[in-house]
Ligand code: MG
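In this note's numbering, the protein residues as written are 5 to 251.
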């Protein structure tokens, strides 16, 4: 009679131990730790491009750019800034891009007298040469909301107006997802854009309706990766510290 009693006692003792083990496993934080892949190390110096970025303008060197007409850039480089020369046409990168993170700093001219609305500090950053993120002096300068600074021109009004006064440097930080097209040229997915203007969210994963149009509705036509393009719009807008990371 003693042996069965001992066995029963052992079983009673063992049962809670098994249950406790499974409870402990479920609560083990290591079960949900993922160790690979290890993210690549990127150095992020203050006021400089991250170590894995392609520097497009460092304050002196414009060799990453060419005139939209081909040949050398005809904008001026002085005091660490690249400044539009009215009438000299836009410029584009020699390299082509698709999905990117882009940092651009820009400055509107201080001379505002006689320049209003779209004529005050107008330039633009064209993603893939076709889709314009507007650059404009929108500090006390009313214009149509889908054409002010931070707008996807004639398509998407910025969430807020984060503009600084003319003469002050401003920044755009942009995440661009290029449109996708099928082999037959049909649109598989539209472009999307997120923009921080001076650190403030102004475009939040905005769906882009097609290439920028001054008149009429936007639409898509198939294309490949393409240069970044900076617009010359008769305003002496300056640029500096331009870098891009391919995504
Ligand atoms: Mg423009």
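No residue lacks a Cβ here, since even glycine has one placed at the ideal position from N, Cα and C.
A quick note: this is a predicted structure, and the numbers were derived from the prediction, not measured.
Uninterrupted beta strand (DSSP E) stretches inside the region 119-160 (no shorter than 3 residues): Correct list: 127-131, 135-139.
Give the range of the beta strand (DSSP E) segment to which residue 248 is assigned. Following the DSSP letters along the chain, one finds residue 248 inside the beta strand (DSSP E) bounded by residues 242-250.
I need the DSSP call for residue 16, collapsed to helix, strand or coil. Any reading at residue 16 needs caution, since the residue's pLDDT is 45, under 50, leaving its predicted position unreliable; the model's value is listed next. Residue 16 sits in a helix when the DSSP states are folded into three classes.
Can you find the residues in the same chain that come closer than 6 Å, C-beta to C-beta, to residue 16, ignoring five residues on each side of it along the sequence? Any reading at residue 16 must be qualified, since the residue scores a pLDDT of 45, below 50, and its modelled position is unreliable; the value itself is stated next. Result list for residue 16: empty, nothing under 6 Å.
What span of residues does the beta strand (DSSP E) with residue 69 cover, start to end? Its beta strand (DSSP E) spans residues 69-71.
So, at 7 Å on beta carbons, what are the nonlocal neighbours of residue 193 in its own chain, with the 5 sequence-adjacent residues on each side left out? For residue 193, same chain residues with a beta-carbon under 7 Å away, outside a window of 5 residues either side, are 183, 184 in chain order.
Following the continuous beta strand (DSSP E) through residue 198, name the residue where it begins and the one where it ends. Segment 196-201, the beta strand (DSSP E) holding residue 198.
Can you determine whether any heavy atom of ligand 1 sits closer than 7 Å to the C-beta of residue 139, and answer yes or no? For ligand 1, at least one heavy atom lies less than 7 Å from the Cβ of residue 139.
Just to confirm the assignment, what range does the beta strand (DSSP E) spanning residue 109 have? Counting along the chain, the beta strand (DSSP E) containing residue 109 begins and ends at 104-111.
Give the straight-line distance between the Cα atoms of residue 147 and residue 123, rounded to the nearest whole angstrom. Distance between the alpha carbons of residue 147 and residue 123 is about 10 Å.
Enumerate in chain order the residues of its own chain whose CB-to-CB distance from residue 217 is below 7 Å, with the five nearest sequence positions on each side excluded. 158, listed in sequence order.
Classify residue 215 as buried or exposed, calling it buried when 16 or more other Cβ atoms lie within 10 Å of its own Cβ. Counting C-beta atoms within 10 angstroms of its own C-beta, residue 215 has 16 or more neighbours from the protein chains shown and is therefore classed as buried.
Local conformation of residue 83 per DSSP, three classes: Coil at residue 83, not helix or strand.
From residue 210 to residue 176, what distance separates their C-alpha atoms? Those two C-alpha atoms are separated by around 15 Å.
According to DSSP, what are the bridge partners of residue 179? Paired residues: 105, 198.
CB residue 152 to CB residue 251, shorter than 8 Å? Taking the C-beta atoms as reference points, residue 251 is found no nearer than 8 Å to residue 152.
Flag this pair as touching only if the region 28-43 and the region 52-62 have three or more C-beta atom pairs under 8 Å; answer yes or no. In this structure the region 28-43 does not lie against the region 52-62, because fewer than three pairs of beta carbons, one per stretch, are closer than 8 Å.
Measuring alpha carbon to alpha carbon, tell me which of 246, 247, 239 ends up nearest residue 92. Nearest neighbour of residue 92 by Cα position, chosen from 246, 247, 239, turns out to be 239.
Neighbour-count burial assignment, residue 131, 16 or more Cβ in a 10 Å radius: Classification for residue 131: buried.
I'd like to confirm the pairing. Which residues does DSSP put opposite residue 233 in its beta bridges? Per DSSP, 96, 130.
If we define contact as Cβ-Cβ less than 8 Å, is residue 144 a contact residue for chain B? No chain B is part of this structure, which consists of one protein chain only.
With respect to the beta strand (DSSP E) encompassing residue 211, which residues constitute its N-terminal and C-terminal limits? Residue 211 -> beta strand (DSSP E) spans 204-211.
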